[in-house]
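Undergrad: Take a look at this one; I'll ask things after.
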Amino acid sequence: MTPGEGLILLGGGLVAGAVNAIAGGGSLITFPLLVGLGLPGVAANVSNALSVAPGYAASALGSRPELAGQRRRIRTIIPTIVVGALCGSGILLFTPRSVFDIVVPFLLLAAAAMLAFQDRLRAMAGHPKTNSPRRTTVLVQLSVFLCGVYGGYFNAAMGVLLVAALALVLDETMQRLNALKNVFSAVVGLTTVLIYSAFGPVNWAVVAVLVPGTIVGGFVGARIARLLPAAVLRWTIVVFAAAVAGVLLLT
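Numbering follows UniProt numbering, with no gaps: position 155 of the sequence shown is 155.
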């Protein structure tokens, strides 16, 4: 890695950490950078997942005011999303790499559509205010499990999926949902760090350069997200995810 490539990665890490905190999908900045530097797809994905995990933790710390009153909810959901992340990591490490390249753009488009058509989907699934507590619990657990599987398989844009899924089943403001997303992303990040460090083809030089950037970017981004109107935050996520999915489909 040349000094110029290192500076590009550091800058990419700063932007990715901020985007992860604000909208999710920051890995879609760093993942293409790693591929552009010559890393194979799975190696780039694994190294990227390890690099952005500290940034998720910084985002969660920066979102503490919006997490007030949600401690019990977080405790009950963490085991489910950990299991999902373990399943997703296993799928990535034990399935053909060609499957990875085909599936990812469609997962991103699905995430963008879920958030864009949130109101219609809520009408089909039942608005959070009208659902029984038991139904809400089941829907939340199922949603975060599937998001955990996705995050363990392909970390990029996991936050998009999490926000979209949580918005369907929880009656909370977008800022509070975004704070939950940061916590659950950090949990998935820690889980994948443990798995990929032991079994994945990690490029540790790349990780060492990206980590400082994602930490600083994640903390700053969480503060920016607090100031954005809910509609702006929602459509930022939608447009960003759809645009990147389109690029991946065309390349």
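In this text, a Cβ means the ideal position worked out from N, Cα and C, and glycines have one as well.
(1) Look at the Cβ atom of GLY84, then the Cβ atom of PHE154, and state whether they are nearer than 7 angstroms.
(2) Using a threshold of 7 angstroms, state whether the C-beta atoms of LEU34 and ALA18 are closer than that.
(3) Closest to GLY12 by C-alpha separation, out of SER89, GLY55, VAL193, ILE74, would be which residue?
(4) Could you tell me the boundaries of the alpha helix (DSSP H) in which SER63 lies?
(5) Just to confirm the assignment, what range does the alpha helix (DSSP H) spanning PRO79 have?
(6) Give the C-beta separation of ILE77 and PHE240 to the nearest angstrom, bearing in mind that I take them to be a contact with Cβ-Cβ under 8 angstroms.
(7) Whether or not the segment 97 to 117 and the segment 170 to 177 are in contact is what I'm after, with contact meaning three or more pairs of Cβ atoms, one per stretch, closer than 8 angstroms; do they touch?
(8) In this structure, how does DSSP classify ASP101 when only helix, strand and coil are distinguished?
(9) How big is the Cα-Cα spacing for THR2 and PRO201?
(10) I'd like the ranges of any beta strand (DSSP E) spanning at least 3 consecutive residues and lying wholly in the segment 139 to 192.
(11) According to DSSP, is residue 255 helix, strand or coil?
(12) Compute the beta-carbon to beta-carbon distance between GLY213 and LEU10, rounded to the nearest angstrom, for a pair I have assumed lies under 8 angstroms.
(13) The alpha helix (DSSP H) spanning PRO40 covers which residue range?
(14) Flag this pair as yes or no: are the beta carbons of PHE219 and ALA53 separated by less than 7 angstroms?
(15) Starting from GLY17, trace the alpha helix (DSSP H) in both directions and tell me its first and last residue.
(16) Could you give the DSSP three-state label for PRO54: helix, strand or coil?
(17) If we call anything under 7 angstroms between Cβ atoms a contact, is residue 272 one with VAL206?
(18) Applying the 10 Å Cβ sphere with the 16-neighbour rule, what's the burial state of ILE81?
TA: Quick look at the numbers:
(1) no
(2) no
(3) GLY55
(4) SER63 -> no alpha helix (DSSP H), and no H or E assigned at all.
(5) 71 to 94
(6) In fact, because the Cβ distance is near 25 angstroms, the residues do not count as touching under 8 angstroms.
(7) no
(8) helix
(9) 21 angstroms
(10) none
(11) No answer is possible for residue 255: it lies beyond the span of the chain, which begins at 1 and ends at 251.
(12) 5 angstroms
(13) Element bounds for PRO40: n/a, residue is neither H nor E.
(14) no
(15) 3 to 22
(16) helix
(17) Residue 272 lies beyond the stretch modelled for the chain, which goes from 1 to 251, so this question has no answer here.
(18) buried
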